[in-house]
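Protein chains in written order, with the numbering used here: chain A, 1 to 118; chain B, 1001 to 1117.
The beta carbon of each residue, even a glycine, is placed where N, CA and C say it ideally should be.
Reading through the structure tokens given below for one structure.
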């Protein structure tokens, strides 16, 4: 099956710093990548959708200047949390779909990144 | 707006027994997909089973099967012969099909399944 990796798996940072999370499709080209946020004991909430080479589409209520998404290649998307604050502490999950498949485009999920902002 | 509702925050089942997790959804679309995902303590999302709305036959994957009632907008998951490894959070998800484009997944709030030995 298709594999998606995330790096780092966990990160602790000080309030006010920026953190970059990488999402990579290891054995397929991902035309679309999704970024989700999951608070403890809650469901996944979609933050944004990114297509390779174009600007990300953010969900309502998600600050695009705070959560910068770059999908520069067909195998890499990055999420940068700028000026992180404790309320940004969460579990961030990316997923990717491979272009070219008919009708059903399965989303392959990364293992997630736990962000703790002190 | 499209929504997914899981009315059971927690469920428990005895090992080797059968359990059914409920899911309802709301949509005005006629063409869509429904999914059940499993999230174990590792938090890696694992696809358990999917159902295409235009298919009347219920999907099955080994011990996992669904009861898809399109008119009632209901999509329950049945786990037979429950195993300890089935203990996890289970999320029901919906995705519209826009001519094969990558529609967004909409998740329910999840059901935490415990399996008793």
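Proximal residues to residue i (C-beta, below 6 Å), its chain only, five neighbours per side dropped
i, result
"residue 88/A", "81, 117"
"residue 70/A", "78"
"residue 1003/B", "1026"
With 16 other Cβ atoms within 10 Å as the buried cut-off, status of residue i
i, result
"residue 55/A", "exposed"
"residue 85/A", "exposed"
"residue 67/A", "buried"
"residue 1105/B", "buried"
"residue 97/A", "buried"
"residue 120/A", "There is simply no residue 120/A to check, as chain A begins at 1 and stops at 118 in what is shown."
"residue 1079/B", "buried"
"residue 1026/B", "exposed"
"residue 12/A", "exposed"
"residue 1062/B", "exposed"
"residue 103/A", "In this prediction, residue 103/A scores a pLDDT of 49, lower than 50, which makes its location untrustworthy; the coordinate-derived value is nonetheless stated afterwards. With fewer than 16 Cβ atoms within 10 Å of its Cβ, residue 103/A is classed as exposed."
"residue 30/A", "buried"
"residue 27/A", "exposed"
"residue 32/A", "buried"
"residue 1051/B", "buried"
"residue 65/A", "exposed"
"residue 95/A", "buried"
Beta-carbon proximity check, residue i vs residue j, cutoff 8 Å
i, j, result
"residue 93/A", "residue 46/A", "no"
"residue 72/A", "residue 59/A", "no"
"residue 1059/B", "residue 1032/B", "no"
"residue 2/A", "residue 91/A", "no"
"residue 1015/B", "residue 1065/B", "no"
"residue 50/A", "residue 24/A", "no"
"residue 1012/B", "residue 1076/B", "no"
"residue 1037/B", "residue 1019/B", "no"
"residue 74/A", "residue 106/A", "no"
Beta-carbon contacts of residue i that lie in its chain and below 8 Å, excluding the five residues immediately before and after
i, result
"residue 1039/B", "1045, 1046, 1088, 1089, 1090, 1091, 1110"
"residue 9/A", "111, 112, 113, 114"
"residue 62/A", "47, 48"
"residue 1117/B", "1015, 1084"
Extent of the continuous beta strand (DSSP E) run through residue i
i, result
"residue 1096/B", "1088-1096"
"residue 90/A", "90-98"
"residue 3/A", "Premise fails: residue 3/A is in no beta strand (DSSP E) and is neither H nor E."
"residue 1067/B", "1064-1069"
"residue 1116/B", "1111-1116"
"residue 1105/B", "From DSSP, residue 1105/B is part of no beta strand (DSSP E); its letter is neither H nor E."
"residue 1014/B", "1010-1014"
"residue 77/A", "76-81"
"residue 1124/B", "Since the first and last residues shown for chain B are 1001 and 1117, residue 1124/B lies out of range."
"residue 975/B", "The structure shown does not extend to residue 975/B, since chain B spans only 1001 to 1117, so no value can be given for it."
"residue 1020/B", "1019-1021"
"residue 115/A", "113-117"
Beta-carbon contacts of residue i that lie in its chain and below 7 Å, excluding the five residues immediately before and after
i, result
"residue 1006/B", "1022, 1023, 1092, 1108, 1109, 1110, 1111"
"residue 1009/B", "1111, 1112"
"residue 15/A", "84, 85, 86, 117, 118"
"residue 35/A", "47, 48, 69, 79, 92, 94"
Contact test: residue i Cβ vs the ligand GTP heavy atom, cutoff 7 Å
i, result
"residue 1106/B", "Among the components of this structure there are no ligands whatsoever, and the ligand GTP is therefore not found."
>> Suppose only complete runs of 3+ residues qualify. What are the beta strand (DSSP E) ranges in the segment 1030-1061 of chain B, listed by chain order?
In response: If only complete runs of 3 or more residues are kept, the segment 1030-1061 of chain B shows the beta strand (DSSP E) at 1032-1039, 1046-1052, in order along the chain.
>> Quick check for students: name the residue ranges of the beta strand (DSSP E) that lie wholly in the segment 14-68 of chain A, counting only runs of 3 or more.
In response: Those beta strand (DSSP E) runs which fall completely within the segment 14-68 of chain A and span 3+ residues are 19-25, 30-38, 44-51.
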